[in-house]
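In the working numbering, the protein residues as written are 232 to 367. Heads up, the beta-carbon is just placed ideally off N, CA and C, and yes, glycines get one too. Reading through the structure tokens given below for one structure.
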């Protein structure tokens, strides 16, 4: 699963997920899966979506993952009283904003890519849309 190799600080504050995403275009592939809502997407969810896509396209073409889980989420152990400091890092998340590109694909038929993206979208906690690259 995805997680940073090293970070400046082990634990992060919760923060807020506001605003719109930048770089909302299909940059690498021909067709992309774009988020229309906001959420915290875990590394497990990203991996599940990636596996669903690669298995559907039978390892043909190329897939780009445009999100990376770089925010640590901590959790205290069960049956521990409040206080005594912040819990240990449990998992990593990527903060998703509306308009953010999640995955891109090229080298496969458009219909197959759409089916693969629909499979991947069913694994994700955010509403998505499929967009094609605009020729520039």
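> Nearest to residue 278 by CA position, among 307, 339, 324, 330, is which residue?
Replying inline: Comparing Cα positions, the closest option is 324.
>> One question on the structure: do residue 259 and residue 310 come within less than 8 Å of each other, judged by their Cβ atoms?
In response: no
> Can you tell me the Cα-Cα spacing of residue 244 and residue 269, whole angstroms?
Replying inline: Going from the Cα of residue 244 to the Cα of residue 269 covers about 18 Å.
> Taking the continuous beta strand (DSSP E) assigned at residue 265, which residues delimit it?
Replying inline: 262 to 266
>> Does chain C have any CB closer than 8 Å to the CB of residue 254?
In response: In the structure shown, chain C does not exist; there is a single protein chain.
> Excluding sequence positions up to five away, which residues of its chain have a Cβ less than 7 Å from the Cβ of residue 370?
Replying inline: Examination of residue 370 is not possible in this model, given that the chain is present from 232 through 367 alone.
>> According to DSSP, is residue 233 part of a helix, a strand, or is it coil?
In response: coil
> Nearest to residue 297 by CA position, among 256, 238, 283, is which residue?
Replying inline: For the residues 256, 238, 283, the minimum Cα distance to residue 297 belongs to 256.
> Does DSSP put residue 357 in a helix, a strand or coil?
Replying inline: coil
> Straight-line CA distance for residue 262 to residue 238?
Replying inline: Going by the C-alpha atoms only, they are around 32 Å apart.
> For the beta strand (DSSP E) that residue 253 lies in, which residues bound it at each end?
Replying inline: Taken as a continuous stretch (DSSP letters only), residue 253 belongs to no beta strand (DSSP E), as it is neither H nor E.
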